[in-house]
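What follows is one structure encoded as structure tokens, with my remarks underneath.
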Amino acid sequence: MTHVRMTHEAREKWGDAFTYLSAIVIAAFFLTPLAWLLSLSLRTRQEVFLGASRFIPKRPTLDNFAQILSDPTFLLYLWNGLKLSALGGLGCLLVAAPAAYAFSRFWFSGKSALMMTILAFQMISPLVILVPLYRYMARLGLLNSHFGVTMVYIAIGVPMCTWLVKSAIDNIPKSLEEAAAIDGCSRFGTFWRITLPLAAPGLASAFILIVILNWSQFLIPFLLLNKDAQLPISVAIFNFAGTSNASSTQVLAAACLVAVVPAIIAFLLLQRMIVGALTAGAVKG
Amino acid sequence: MPTTTAAAIGAAQRRVAGPSLARRIEANPFTWLVPVAVMLGVFYLYPILDVFRLGLTNASLVGSDERYTLVTLRAMFENPALLDILKTTFVFTIASVIGQQVFGLAIALIVMRGERRKLRGMVALRTIVLIAWVIPGIANGLIWQMLFSEAPFGAINSVLRMMHISPVAWLSDPNIAMLSAVISNVWRGTAFSMIVFYAALKAIDPTLYEAASVDGAGHLQKLRFITLPQLRAAILVNSILVTIQTLNTFDAIISLTGGGPGRATEVLSLFTFNTVFRNYDLAGGSVLSVLMLVISLVLALFYASFMPRREASE
Chain U
30 MTHVRMTHEA REKWGDAFTY LSAIVIAAFF LTPLAWLLSL SLRTRQEVFL GASRFIPKRP
90 TLDNFAQILS DPTFLLYLWN GLKLSALGGL GCLLVAAPAA YAFSRFWFSG KSALMMTILA
150 FQMISPLVIL VPLYRYMARL GLLNSHFGVT MVYIAIGVPM CTWLVKSAID NIPKSLEEAA
210 AIDGCSRFGT FWRITLPLAA PGLASAFILI VILNWSQFLI PFLLLNKDAQ LPISVAIFNF
270 AGTSNASSTQ VLAAACLVAV VPAIIAFLLL QRMIVGALTA GAVKG
Chain W
377 MPTTTAAAIG AAQRRVAGPS LARRIEANPF TWLVPVAVML GVFYLYPILD VFRLGLTNAS
437 LVGSDERYTL VTLRAMFENP ALLDILKTTF VFTIASVIGQ QVFGLAIALI VMRGERRKLR
497 GMVALRTIVL IAWVIPGIAN GLIWQMLFSE APFGAINSVL RMMHISPVAW LSDPNIAMLS
557 AVISNVWRGT AFSMIVFYAA LKAIDPTLYE AASVDGAGHL QKLRFITLPQ LRAAILVNSI
617 LVTIQTLNTF DAIISLTGGG PGRATEVLSL FTFNTVFRNY DLAGGSVLSV LMLVISLVLA
677 LFYASFMPRR EASE
């Protein structure tokens with residue numbers, strides 16, 4: 030008996046070792062690209078050409094970061110990226126919250142079919158809608174305007190936002206709303222004054238998630254914005270990569286790093302909420 | 377006199393109906409759906425209908441007068457490049473979908489095992505994988521270009537050179553470029569599959585495994601007879617999401633290879649983009665957009681047909 034338990038224990042120990050080994054390999058695969066990016070961004074032009082032998086630069090420098098962060102247009106790109114992402118996220122919440130409330134608190138026939146329909150829009154590539162939208166927005170004078178881009182961001186984020194906010198509202202007990210209704214509060218008043226404040230944590234995680242996704246958005250601003258001063262960071266680094274050459278790789282690396290770090294930080298700060306929201310959605314499928 | 381009475385009654389009714397009308401409006405669930413309906417209608421439904429219409433015209437992005445014709449449709453399907461593009465898209469999609477799901481499931485299983493054994497660092501592992509997921513697609517392409525680059529600063533080739541192995545033409549050999557594109561896409565996309573499978577694994581009833589242990593089942597048998605069947609719905613849903621996401625992948629390819637070398641990595645979304653916004657062929661691009669929609673829909677229905685029936689409570 031003891032013998033059996035020992036072998037079982039031994040097998041679990043080997044399993045632990047294997048788990049750790051795999052974890053290290055996986056972590057290496059996922060971290061290497063970012064580590065390489067960091068390494069390049071800290072090098073001088075000479076060291077960039079020495080490749081992997083200078084993975085840890087002999088003469089690390091912050092000049093590349095200084096160069097891009099002292100460039101007012103680069104800061105403007107960052108600001109544009111943040112502005113568009115945040116406005117898109119805010120607009121998304123405003124549009125999606127009433128629908129999420131209805132899906133959570135009303136019962137009506139065709140409700141789940143309607144929810145699936147809304148989710149199905151998520152499957153459509155932004156490219157497909159941009160093909161006709163481009164000309165349409167040109168006629169409306171919405172090309173080269175942050176307003177136009179924000180509207181498209183909102184539309185693209187709305188399906189997912191509706192689902193996220195609905196599950197946030199699902200988690201709020203109905204009793205407070207019922208009490209407010211008995212006190213004569215209108216349904217909309219209840220929604221605005223009771224439901225939304227109680228759902229604030231869920232709204233916040235939905236907002237952050239949408240903002241992170243908007244930050245990566247490329248195609249919409251790439252097509253709808255032409256003026257350099259309006260571009261968000263994602264388009265700017267793509268344009269920069271197109272004009273840069275081998276001798277400015279270290280600057281491009283620094284620019285890329287500056288573009289990805291805000292998303293990573295936002296994600297790390299709110300990881301628990303975001304993973305919670307994602308897994309809640311995933312379980313429901 | 378009768379008219380004034382009627383008017384008075386009407387006014388009185390309106391006064392009485394005033395608050396109750398507002399109440400009735402807000403008691404109707406569809407009122408609450410208006411903002412979403414407007415946004416989706418203006419930015420999705422209308423454009424989609426327009427895409428179908430434009431596909432039957434000879435519209436160009438720059439010109440304004442267009443007429444209805446089937447010439448574009450025929451020209452697009454007779455275009456010999458289209459078959460190659462579809463093949464490329466198929467290879468890219470299927471390799472990414474399999475790669476992301478197998479890898480994602482493996483990581484989820486490792487994290488689950490680590491958590492069961494209370495090993496340290498499992499949250500860190502999950503976080504590291506998820507970080508790749510928040511990297512913008514454009515940055516993803518640019519970062520992997522720095523890894524695959526055949527210039528001296530290319531990470532992989534410079535390591536190979538240090539080990540005296542001849543460098544690989546990651547981005548300039550047509551066959552290898554596809555592999556490179558898949559690797560970079562798997563790097564960024566695996567996190568999503570991992571988190572879906574992680575959530576699904578947590579939802580499996582642990583007594584199933586206990587019963588299997590009592591029956592003397594080994595790890596592989598448990599995986600084969602409990603885990604995979606229990607994950608069936610998650611795998612199918614995830615397949616739909618990942619397939620469509622991969623079909624729509626555009627930014628990570630345009631910034632990694634630009635579709636090259638030649639057309640080796642020009643997938644359907646990139647081809648559509650080039651048709652409309654480089655060749656100004658709005659009608660041709662609309663035909664391709666419809667093709668993208670149809671492929672997505674057919675694949676989603678195909679996966680859904682394997683779906684286990686949901687319980688009545690759903």
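Chains as they are written, first to last, in the working numbering: chain U, 30 to 314; chain W, 377 to 690.
We put the beta carbon where it would ideally sit given N, CA and C, even for glycine.
Option in P291(U), C285(U), G177(U) with minimal Cα separation from L66(U):
Within the first sequence, residue 66(U) is the residue found at index 37, counting from 1. Answer by Cα proximity: C285(U).
Figure out for me which residue from L459(W), F453(W), R492(W), D426(W) has the closest Cα to the Cα of Y444(W).
The residue labelled residue 444(W) in the question sits at position 68 within the second sequence. The shortest C-alpha separation from Y444(W) is found at D426(W).
Who pairs with T433(W) in a beta bridge, going by DSSP?
Locating residue 433(W) in the second sequence gives position 57, counting from the first residue. DSSP, once it has assigned bridges, lists Y444(W) as partnering T433(W).
Tell me whether the beta-carbon of A167(U) lies closer than 7 Å to the beta-carbon of V194(U).
The residue given as residue 167(U) occupies position 138 in the first sequence. The residue given as residue 194(U) occupies position 165 in the first sequence. Contact: no.
Alpha carbon to alpha carbon, what distance is there between N404(W) and T641(W)?
In the second sequence, counting from the first residue as 1, residue 641(W) sits at position 265. In the second sequence, counting from the first residue as 1, residue 404(W) sits at position 28. Looking at the two C-alpha atoms, the distance is approximately 50 Å.
Close-in-space but distant-in-sequence residues of the same chain around A388(W) (CB under 6 Å, 5 per side omitted)
For the purposes of this step, residue 388(W) is taken as the residue at position 12 of the second sequence. Annotation note: pLDDT 49 at A388(W) (below 50); position unreliable, no value reported.
From this set, F58(U), A125(U), A209(U), I185(U), which residue's C-alpha is nearest L248(U)'s C-alpha?
In the first sequence, the residue the question calls residue 248(U) occupies position 219. Answer by Cα proximity: I185(U).
Roughly how many angstroms separate the alpha carbons of R654(W) and T146(U), rounded to a whole number?
Numbered from its first residue, the second sequence carries residue 654(W) at position 278. Numbered from its first residue, the first sequence carries residue 146(U) at position 117. So the alpha carbons of these two residues sit roughly 33 Å apart.
7 Å Cβ cutoff, C285(U) in contact with chain W
Taking the first sequence and counting its residues from 1, the one referred to as residue 285(U) is at position 256. Closer than 7 Å to some Cβ of chain W, the Cβ of C285(U) qualifies, so yes.
Give a yes or no on whether the minimum CB-CB distance between M152(U) and chain W is below 7 Å.
Reading the first sequence from its first residue, position 123 is the one you call residue 152(U). Chain W contact via Cβ: present.
Compare the C-beta of G475(W) against all C-beta atoms of chain U and say whether one is closer than 7 Å.
In the second sequence, residue 475(W) corresponds to position 99, counting from 1. So, not an interface residue.
N516(W) - containing alpha helix (DSSP H), residue span:
Counted from its first residue, the second sequence places residue 516(W) at position 140. For N516(W), the uninterrupted alpha helix (DSSP H) segment begins and ends at 513 to 524.
Within 10 angstroms of its Cβ, does E206(U) collect 16 or more other Cβ (buried), or is it exposed?
Stepping through the first sequence from its first residue, residue 206(U) is reached at position 177. Buried, since its Cβ has 16 or more Cβ neighbours within 10 Å.
Spell out whether any CB of chain U is found under 7 Å from the CB atom of P582(W).
Counting from one through the second sequence, the residue named residue 582(W) turns up at place 206. Not an interface residue.
L612(W), DSSP secondary structure in three states:
For this step, residue 612(W) is matched to residue 236 along the second sequence. Of the three classes helix, strand and coil, the one that applies to L612(W) here is helix, per DSSP.
What residues from the region 623 to 655 of chain W come within 7 Å of chain U, judged by C-beta to C-beta, listed N to C?
Against chain U - using a Cβ distance shorter than 7 Å - the residues of the region 623 to 655 of chain W are N624, F626, D627, S631, S645, T648, F649, V652, F653.
Within 10 angstroms of its Cβ, does L169(U) collect 16 or more other Cβ (buried), or is it exposed?
Against the first sequence, residue 169(U) aligns to sequence position 140. Exposed, since its Cβ has fewer than 16 Cβ neighbours within 10 Å.
Here's a check: name, in chain order, each residue in its chain whose Cβ is nearer than 7 Å to the Cβ of C121(U), leaving out the five neighbours to either side.
Locating residue 121(U) in the first sequence gives position 92, counting from the first residue. Taken in chain order, the residues that qualify are I183, G186, V187, C190, I239.
Is the separation between the beta-carbon of A567(W) and that of L632(W) shorter than 7 Å?
Here the question's residue 567(W) lines up with position 191 in the second sequence. Here the question's residue 632(W) lines up with position 256 in the second sequence. Going by C-beta atoms, A567(W) is not nearer than 7 Å to L632(W).
Excluding the 5 residues preceding and the 5 following G177(U) in the sequence, name in chain order all residues of the same chain whose CB lies nearer than 7 Å to its CB.
Here residue 177(U) refers to the residue found at position 148 when the first sequence is read from its first residue. Around G177(U), the same chain offers M166, L171, L253 as residues with beta carbons nearer than 7 Å, after the five sequence neighbours per side are excluded.
Determine whether the Cβ of I507(W) lies closer than 7 Å to any Cβ atom of chain U.
Counted from its first residue, the second sequence places residue 507(W) at position 131. With 7 Å as the cut-off, I507(W) counts as an interface residue toward chain U.
Could you tell me whether the Cβ of P250(U) comes closer than 7 Å to any Cβ of chain W?
Within the first sequence, residue 250(U) is the residue found at index 221, counting from 1. So, not an interface residue.
Any idea if A39(U) is buried or exposed, counting beta-carbon neighbours within 10 angstroms, 16 or more meaning buried?
Here residue 39(U) is taken as the residue at index 10 of the first sequence, counted from 1. The residue is exposed, with fewer than 16 neighbouring Cβ atoms inside 10 Å.
Assigned exposure category for Q708(W) - 16 Cβ within 10 Å defines buried
This structure leaves residue 708(W) out entirely; chain W is present only between 377 and 690.
Contact check, P62(U) vs W509(W) under 8 Å by CB: the rounded distance?
For the purposes of this step, residue 62(U) is identified with residue 33 of the first sequence, where counting begins at 1. For the purposes of this step, residue 509(W) is identified with residue 133 of the second sequence, where counting begins at 1. The beta carbons of P62(U) and W509(W) sit about 13 Å from each other, so the pair does not count as a contact at 8 Å.
Taking 7 Å as the CB-CB cut-off, is T219(U) touching chain W?
Numbered from its first residue, the first sequence carries residue 219(U) at position 190. Output row for T219(U): interface = no.
Look at the Cβ atom of N93(U), then the Cβ atom of V280(U), and state whether they are nearer than 7 Å.
Locating residue 93(U) in the first sequence gives position 64, counting from the first residue. Locating residue 280(U) in the first sequence gives position 251, counting from the first residue. Against a cut-off of 7 Å, the Cβ pair of V280(U) and N93(U) comes out as a contact.
In chain order, which alpha helix (DSSP H) runs of at least 4 residues are fully inside the region 248 to 292 of chain U?
248 to 253, 262 to 272
On the DSSP letters alone, give me the boundaries of the alpha helix (DSSP H) that Y574(W) sits inside.
Position 198 of the second sequence, counted from the start, is the residue given in the question as residue 574(W). Y574(W) -> alpha helix (DSSP H) spans 550 to 578.
S436(W) at chain U interface by Cβ criterion, 7 Å
Translated into positions along the second sequence, residue 436(W) becomes position 60. It does not; no Cβ of chain U falls within 7 Å.
In whole angstroms, give me the CA-to-CA distance for R492(W) and F529(W).
For the purposes of this step, residue 492(W) is taken as residue 116 along the second sequence, with counting starting at 1. For the purposes of this step, residue 529(W) is taken as residue 153 along the second sequence, with counting starting at 1. R492(W) and F529(W): Cα-Cα distance of roughly 42 Å.
If we cut at 7 Å on Cβ distances, does F529(W) have a partner in chain U?
Sequence index remark: in the second sequence, residue 529(W) carries index 153 (1-based). Cβ-Cβ to chain U under 7 Å: yes for F529(W).
Can you list the alpha helix (DSSP H) stretches of 4 or more residues lying completely in the region 182 to 251 of chain U, in chain order?
With a minimum length of 4 residues, the continuous alpha helix (DSSP H) runs that stay inside the region 182 to 251 of chain U are 204 to 211, 216 to 219, 229 to 245.
Report yes or no: do the region 587 to 597 of chain W and the region 512 to 529 of chain W share at least 3 C-beta pairs separated by less than 8 Å?
Flag = no, the region 587 to 597 of chain W and the region 512 to 529 of chain W do not touch.
Does the contact criterion of 3 or more C-beta pairs under 8 Å hold for the region 443 to 458 of chain W versus the region 536 to 546 of chain W?
no
First and last residue of the alpha helix (DSSP H) that includes A640(W)?
For the purposes of this step, residue 640(W) is taken as residue 264 along the second sequence, with counting starting at 1. From DSSP, A640(W) is part of no alpha helix (DSSP H); its letter is neither H nor E.
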